[in-house]
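If you want our numbering, it's the 1-based position in the sequence shown plus 103. From the three backbone atoms N, C-alpha and C, an ideal C-beta is built for every residue, glycine too. The structure appears below as structure tokens.
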Amino acid sequence: MHHDTALINMLAIGLGLAFVFGALANKLRLSPLVGYLVAGVVVGPFTPGFVADQALANQLAEIGVMLLMFGVGLHFSLKDLMEVKAIAIPGAIGQILVATLLGWGVAAVMGWPTLHGVIFGFSLATASTVVLLRAMEERRLLETTRGKIAVGWLIVEDLACVLALVMMPVIAEVFGPDASGKSPSLTGLLASIGWTFVQLGLFVAVMLVVGRRVIPWVLEKVAGTGSRELFTLCVLAIALGVAFGAAALFGVSFALGAFFAGMMLNESELSHKAAHDSLPLRDAFAVLFFVSVGMLFNPMIVVEHPWQVLATVLIIMVGKSAAAFFIVRAFGHSKGTALTISASLAQIGEFAFIIAGLGVALKILPPEGQSLVLAGALVSIMLNPLIFGLLDRWQSRHKETTPEPEILDIPPGPSLDLQDHAIVVGYGRVGSELAQVLRDRGVPVLVIDDNREHVVRAHAAGIPGIRGSAAADKVLAEAHPERAKIAVLAIPQPLESGEALAKLRAINPNLTLLARAHSDAEVKHLLAHGADGTVMAERELAYSLAEMIMATPPYRSLRPGAVQPPAATSGT
104 MHHDTALINM LAIGLGLAFV FGALANKLRL SPLVGYLVAG VVVGPFTPGF VADQALANQL
164 AEIGVMLLMF GVGLHFSLKD LMEVKAIAIP GAIGQILVAT LLGWGVAAVM GWPTLHGVIF
224 GFSLATASTV VLLRAMEERR LLETTRGKIA VGWLIVEDLA CVLALVMMPV IAEVFGPDAS
284 GKSPSLTGLL ASIGWTFVQL GLFVAVMLVV GRRVIPWVLE KVAGTGSREL FTLCVLAIAL
344 GVAFGAAALF GVSFALGAFF AGMMLNESEL SHKAAHDSLP LRDAFAVLFF VSVGMLFNPM
404 IVVEHPWQVL ATVLIIMVGK SAAAFFIVRA FGHSKGTALT ISASLAQIGE FAFIIAGLGV
464 ALKILPPEGQ SLVLAGALVS IMLNPLIFGL LDRWQSRHKE TTPEPEILDI PPGPSLDLQD
524 HAIVVGYGRV GSELAQVLRD RGVPVLVIDD NREHVVRAHA AGIPGIRGSA AADKVLAEAH
584 PERAKIAVLA IPQPLESGEA LAKLRAINPN LTLLARAHSD AEVKHLLAHG ADGTVMAERE
644 LAYSLAEMIM ATPPYRSLRP GAVQPPAATS GT
């Protein structure tokens, strides 16, 4: 084998195992994050077999953190927070304080210093964005009051973690083990905090004055070239370049710099394209981040410190969830809303790993604390679907007599109570044209699309629409496929289409199913999953252009069935 292949080994084996265990977790209806963390445990130093290069893994993880924070900034919505600020801000702060105090209490029992206990407790306070949004999307709650409160609550937690990333190095410098032997004075502490905020203020000022204008302008110019490769490269260069510049010039962390880069891009009209084009690389490095975190987990901690692991899990799943429940109830919301918020926050994820990792690096959290955080994350993420399942059962048995009015993200459209209708999945360029043609011909049409703007546009055109994924059971149930005559998958995602086709066929075996494809492989895949017919866009376009060409005078005589002119004869 060639020498110096540590990077190749890490990428090949790390991503390969992450895929295997992530797919297995998904099959078991768990979050793929569990699989990624398990993959890290397998290649880590605490398990037999291949051991990845820890130093290299840490660098890849740092890139993963930057891109994760870039994604958080890219999707940060002050509007979403302002809509529920009255409960989300005090609620999240109160829940963070409760979780931090509980973690500090457990750490005190274990004999840890106060600072270690505070960092440990704070790392248990923030829920995983990935897990929360997935649970909300599956239940189509994102556009409801409950969903908006949960997302707003999560935004406040994220902002608290961003602030912690700024303050932890200052705290470590003054109170950490590497601080001078003198007792820290209030003046010294305030001076350190003040200088940190001066650096942060300078960075924010530069980003608001320069970045706010330059970044969107650069994106617009690059987008004008028509090169997708250059546009994607530009987005990544901005994300990593701003992160590096923030650290090199202003002493701000890579993560915070990437967060602000995402926020600046969020104000551009091209933010959706930037998010879409950078998603594959962000996902890949995010997976490597979780793998590298898993490498730090020592499974023996479950055997050596079982009660500490149990206490950590109870803080995450009972302590902070109970705090969230009582806070939501205190603000006058229904018991169902309070339980939904509590269930969605009964887990921890990516920010917990970032905070714990930084704490260990700054020597203000022992490695055992990081292992406890990882153990708590693994258990809570695995049990979260079970918690939501119990909640779903409770809500089905206890229908509230005075249900809380829901604030819908989408204004109500035409009635979904249709008979002998056509279900059109996707209301983009193809689906919208198809739906309009069918409607003009007198066919009842119902649209399914996961894009809010598309559904609003369908409603405006008088077509009933459902927001969500066609592969989701609850979305399909609302479309009433058992009463429909035909369903057309007009989306360009063959995997989602295949899953939806199989579910539609199971619900209504007599339903005619058509699907859109872009290659022979996609045609084969869709037919195997139940489609009665497919349309390959490129092939149909070629046929249409050929027909137009053959209808022109130079080639009209070559069309099948055309009457050939009599052959010319010469006079004698």
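Option in the options with minimal Cα separation from residue i
i	options	result
Arg542	Asn611, Ile566, Ile258 and Ser572	Ile566
Ala230	Lys423, Lys188, Leu648 and Leu465	Lys423
Ala455	Pro193, Pro151, Pro216 and Leu257	Leu257
Ala640	Ala631, Arg619 and Thr655	Arg619
His621	Val638, Leu607, Asn613 and Arg608	Val638
Gly103	Ile569, Leu519, Pro612 and Met651	No answer is possible for residue 103: the residues shown for the chain start at 104 and end at 675.
Phe153	His178, Leu133 and Met113	Met113
Thr443	Ile418, Leu494, Val406 and Gly435	Leu494
Leu614	Tyr139, Leu244, Ile589 and Leu131	Ile589
Val676	Val345, Val558 and Asp156	Here the chain comprises residues numbered 104 to 675, so residue 676 is not present and cannot be evaluated.
Asp553	Tyr530, Tyr139 and Val265	Tyr530
Val546	Arg555, Ala525, Glu556 and Gly534	Ala525
Asp156	Val123, Gly174, Phe334 and Val396	Val396
Tyr139	Lys130, Ala126, Arg132 and Pro151	Ala126
Ala189	Gly255, Lys324 and Leu136	Gly255
Val144	Phe392, Leu131, Leu184 and Ala349	Phe392
Pro216	Val591, Gly472 and Leu549	Gly472
Ala580	Ile594, Ala593, Ala564 and Ala603	Ala603
Gly314	Val265, Pro657 and Met367	Met367
Ala342	Asp623, Thr328 and Gly174	Gly174
Glu625	Lys577, Lys466, Arg570 and Pro597	Pro597
Phe347	Pro272, Ile166, Trp410 and Leu521	Ile166
Ala478	Trp410, Ser660 and Met213	Trp410
Pro595	Lys577, Ala582, Gly327 and Val533	Val533
Leu262	Leu322, Ile199 and Val212	Ile199
Pairwise C-alpha distance: residue j and residue i
i	j	result
Asp380	Gly365	14 Å
Ala253	Ser226	19 Å
Gly354	Ala361	13 Å
Ile510	Ser483	Low confidence applies to Ile510: its pLDDT is 45, below 50, so where it sits in the model is not reliable, and the reading given next is rough at best. C-alpha separation (whole angstroms): 29 Å.
Val527	Pro517	15 Å
Leu118	Ser647	43 Å
Gln302	Ser535	50 Å
Arg249	Ser572	19 Å
Leu475	Ala121	22 Å
Glu643	His562	29 Å
Leu417	Ala340	42 Å
Met104	Ala351	Per-residue confidence for Met104 stands at a pLDDT of 49, beneath the threshold of 50, marking its modelled position as unreliable; the derived number appears in the next sentence. Rounded to whole angstroms, Met104 to Ala351 spans 38 Å at the Cα level.
Ala389	Val168	7 Å
Phe149	Val550	51 Å
Ala275	His219	10 Å
Ala142	Pro135	11 Å
Trp207	Thr415	11 Å
Val209	Gly197	19 Å
Ala645	Lys376	28 Å
Ile116	Lys130	21 Å
Met77	Arg544	The chain is shown from 104 up to 675; residue 77 falls before or after that span and cannot be answered.
Met485	Leu133	6 Å
Ala378	Glu332	14 Å
Gln498	Leu481	26 Å
Leu338	Val312	Checking the sequence shown, residue 338 turns out to be Val, not Leu. Rounded to the nearest angstrom, the two C-alpha atoms are 19 Å apart.
Thr505	Val559	Caution is warranted here: a pLDDT of 40 is assigned to Thr505, below 50, making its placement in the model unreliable, and no coordinate value can be reported.
Bridge-paired residues (DSSP) for residue i
i	result
Ile199	Answer is none; Ile199 lacks a bridge partner.
Ile551	Val528 and Ile569
Arg242	Per DSSP, none; premise fails for Arg242.
Leu617	Val591 and Gly636
Are there three or more Cβ pairs, one per stretch, closer than 8 Å when the region 400 to 408 is compared with the region 378 to 390?
no
Would you list, in sequence order, the uninterrupted beta strand (DSSP E) runs of no fewer than 3 residues that lie entirely inside the region 304 to 334?
none
Touch check for the region 416 to 432 and the region 446 to 455: three-plus C-beta pairs under 8 Å?
yes
List, from N- to C-terminal side, the alpha helix (DSSP H) runs of 4 residues or more that fit wholly inside the region 352 to 424.
357 to 369, 374 to 398, 403 to 407 and 409 to 417
Do three or more CB pairs link the region 577 to 588 to the region 532 to 541 at distances below 8 Å?
Contact fails: fewer than three Cβ-Cβ distances are below 8 Å.
Quick check: the region 230 to 239 against the region 458 to 465, are there 3 or more CB pairs under 8 Å?
no
Within the region 160 to 235, ranges of the alpha helix (DSSP H) (whole runs, at least 4 residues)
181 to 186, 188 to 212 and 217 to 226
Please specify which runs of the alpha helix (DSSP H), each continuous and at least 4 residues long, are wholly inside the region 467 to 501, giving them in chain order.
Considered as a whole, the region 467 to 501 harbours 470 to 500 as its complete alpha helix (DSSP H) runs of no fewer than 4 residues, in chain order.
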